[in-house]
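Asker: Take 371 as the starting number for the sequence shown in the numbering used here and just add one per residue.
Could you have a look at this structure, given as structure tokens, before my questions?
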Amino acid sequence: MNKSSINHYFHSLFDIKEEVVGKITETFSSFGLKANEVVLHKDEVSTRTFFLEKGYVRSFILNEDNEEITTNIYVAPCFVNDFLSFFRQQPAKETYQTITACSFWETGLENVQHNFHNIPEFREFSRLLFVLNYHSIHDRLIEMASQKASTRYFNLMKKHPEIFQHVPLKIIASYLGIKDSSLSRIRRDINKM
371 MNKSSINHYF
381 HSLFDIKEEV
391 VGKITETFSS
401 FGLKANEVVL
411 HKDEVSTRTF
421 FLEKGYVRSF
431 ILNEDNEEIT
441 TNIYVAPCFV
451 NDFLSFFRQQ
461 PAKETYQTIT
471 ACSFWETGLE
481 NVQHNFHNIP
491 EFREFSRLLF
501 VLNYHSIHDR
511 LIEMASQKAS
521 TRYFNLMKKH
531 PEIFQHVPLK
541 IIASYLGIKD
551 SSLSRIRRDI
561 NKM
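Okay, structure coming up:
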């Protein structure tokens, strides 16, 4: 299979030689899932890490009322995983599910650990990836606490307008921390402008 998308992703984030990326990704294998299939179940220990090549994935939890709350929407290309579950070998706290048909690359923990210990550029890339993920989570936390729903909606539209073509509005509303009816009202108000 052609690993150009995962190779391009490494190069887009980090100045790294092609042969080094080849070494890092040589153990990655490809697979696909249909829409609404689970990549990782809550309470499952993650033994593989996933690179989302095409498609959309969400992570979600169930609240006390047994309602699904979307905690993240992953847009290809990116890595998708419960990294604490993966690296600490503890149960995942969220479920990861495809929203659309998706294609992935995956590798196991042993391969990632081998790359950490043997490829200095991979350690640097991994540090950068963790910092970027932390930054994204931190920004989302601040947005949820400080911005109105309409502002969060506009920010999502600016950052990922394609989400609205591929992700059901119910999932988008949950991700924005609002009810479907509130999202409908926001969209109606925008159309009136």
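Beta carbons: idealized from backbone N, C-alpha and C, even for Gly.
From a predicted model like this one, the values you see are computed outputs, not experimental measurements.
Write down the C-beta distance between residue 426 and residue 536 rounded to the nearest angstrom, noting that I regard them as a contact closer than 8 Å.
Answerer: One-based indexing of the sequence shown puts residue 426 at position 56. One-based indexing of the sequence shown puts residue 536 at position 166. Indeed they touch by this definition, with Cβ atoms about 5 Å apart.
Asker: Report the residue from 541, 540, 545 and 539 whose alpha carbon sits nearest the alpha carbon of residue 522.
Answerer: For the purposes of this step, residue 522 is taken as the residue at position 152 of the sequence shown. For residue 522, the nearest C-alpha among the options comes from 545.
Asker: Checking 7 Å against the spacing of the C-beta atoms, do residue 483 and residue 415 come in under that value?
Answerer: Looking up residue 483 in the sequence shown gives position 113. Looking up residue 415 in the sequence shown gives position 45. No.
Asker: So, for residue 438: in the same chain, excluding its five sequence neighbours on each side, which residues have a beta-carbon less than 8 Å away from its beta-carbon?
Answerer: Position 68 of the sequence shown holds residue 438. Here the set comprises 430, 431, 432 and 544.
Asker: Measure the alpha-carbon distance for residue 453 versus residue 411 and round it to whole angstroms.
Answerer: Here residue 453 refers to the residue found at position 83 when the sequence shown is read from its first residue. Here residue 411 refers to the residue found at position 41 when the sequence shown is read from its first residue. For residue 453 and residue 411, the distance between alpha carbons rounds to 13 Å.
Asker: Contact between the region 488-505 and the region 383-394: three or more CB pairs below 8 Å?
Answerer: Counting Cβ pairs under 8 Å, three or more are found: they touch.
Asker: Would the region 498-517 and the region 456-472 be scored as touching if the rule is three or more Cβ pairs under 8 Å?
Answerer: no
Asker: Can you tell me which of the three DSSP states residue 416 falls into?
Answerer: By 1-based counting over the sequence shown, the position of residue 416 is 46. Coil at residue 416, not helix or strand.
Asker: What residue range does the alpha helix (DSSP H) around residue 560 cover?
Answerer: Here residue 560 corresponds to residue number 190 of the sequence shown, with the count starting at 1. If you look at residue 560, you'll find it in the alpha helix (DSSP H) that goes 550-562.
Asker: I want to know whether the region 400-411 touches the region 511-526 - three or more CB-CB distances under 8 Å.
Answerer: no
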